[in-house]
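Using the working numbering, read the sequence shown as starting at 764 and increasing by one per residue.
Every residue, glycine too, gets a C-beta built ideally from N, C-alpha and C.
All of these numbers come straight from a predicted model, not from anything done at the bench.
Below you'll find the structure, written out as structure tokens, and then a few comments.
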Amino acid sequence: MIDGERVQFGTSGFLYRSNKLMFDRKTETLWNQFRGVPAVGQLVGSGMELEVLPMTLTVWSEWVAEHPDTTVLDLDTGIYPEDAYAPEAQNDSAYFGYRFQKDTIFPVPEQSADLATKEQVFGLAFGEEARAYPLSLFDGRSVINDTLAGRAVVIFAAGEAAGVRAYERGGHVFTRSPSTPGQAVTLTDENGVAWQAGENALVSLDGSGETLKQVSSRDSYWFGWYAFYPHTDIFSP
């Protein structure tokens, strides 16, 4: 919303720190989509910031197993051929070469050698504090109970480094409960109470109705995360 008016965004075709810039169709201000703030245009300095919604980056097989009634957008858009939507891991994907080459195509002014340039990370940022969690930490069984900027969170993956998500954890300490493919992830707290992971919150299964909301996060290459959060630290077990 800008001045109380719902607006649409488009892709500008421009990059900033090797990350795309959006533009709003009301003022044509360019927006940094990674941080959700104006970058160029009349809204710079306005203090406006887009709300970042919780999301989960996962693979289709795991998503549809858990949500079998999911609908999808038709690939036959009339704009791009169907093979333009090939998964990045396939060599006929437009992004295959980029994904598997070591370096970035365009220069990024601030980089860190603490991780490989294109190591994939799960990132959390609360206020002035930021932390990157390498996806290699998540094997489908691990659970990370952590605290960042005074906020206690629990982080886990639905599968092998896929579907990583973070939730508030209150004062609880969670472990992973056994589950089978296609079932929602269930965690167990320090009192033995089971909690089911939903798309918006962890829900207690003891009948109390207690919930712990999912928190906003980023899935990114290391260079992309560091470019916008150079003060970040890296989680180490």
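{"Asked": "Whole-angstrom C-beta distance between Leu820 and Ile997, which should lie under 8 Å", "Found": "Contact doesn't hold; Cβ gap of about 19 Å is too wide."}
{"Asked": "Distance between beta carbons of Gln977 and Ala929, contact taken as under 8 Å", "Found": "7 Å"}
{"Asked": "Separation of Leu816 from Ser979, as counted between CA atoms", "Found": "6 Å"}
{"Asked": "Helix, strand or coil at Ser856 [DSSP, three-state]", "Found": "coil"}
{"Asked": "Cβ contact check for the stretch 979-988 and the stretch 881-900: 3 or more pairs under 8 Å", "Found": "yes"}
{"Asked": "Length of the line joining the Cα atoms of Val800 and Asn782", "Found": "13 Å"}
{"Asked": "Beta-carbon proximity list for Tyr779, same chain, < 7 Å, skipping 5 on both sides", "Found": "Asn795 and Ala802"}
{"Asked": "heavy atom of the ligand ZN below 7 Å from Ala957 C-beta", "Found": "Judged by which ligands are present, the structure shown has none, so any question about the ligand ZN falls away."}
{"Asked": "Beta-carbon proximity list for Thr867, same chain, < 7 Å, skipping 5 on both sides", "Found": "Ser781, Thr880 and Phe986"}
{"Asked": "8 Å contact criterion, which Thr938 and Val906 should meet: CB distance rounded", "Found": "6 Å"}
{"Asked": "8 Å Cβ shell around Asp909 - same chain, five flanking residues per side excluded", "Found": "Arg894, Ala915, Val916, Val917, Ile918 and Phe998"}
{"Asked": "Bridge partner(s) assigned by DSSP for Gly773", "Found": "Phe786"}
{"Asked": "Whole-angstrom distance between Thr774 and Leu784, CA atom to CA atom", "Found": "7 Å"}
{"Asked": "Which residues DSSP lists as bridging Pro897, in chain order", "Found": "Val884"}
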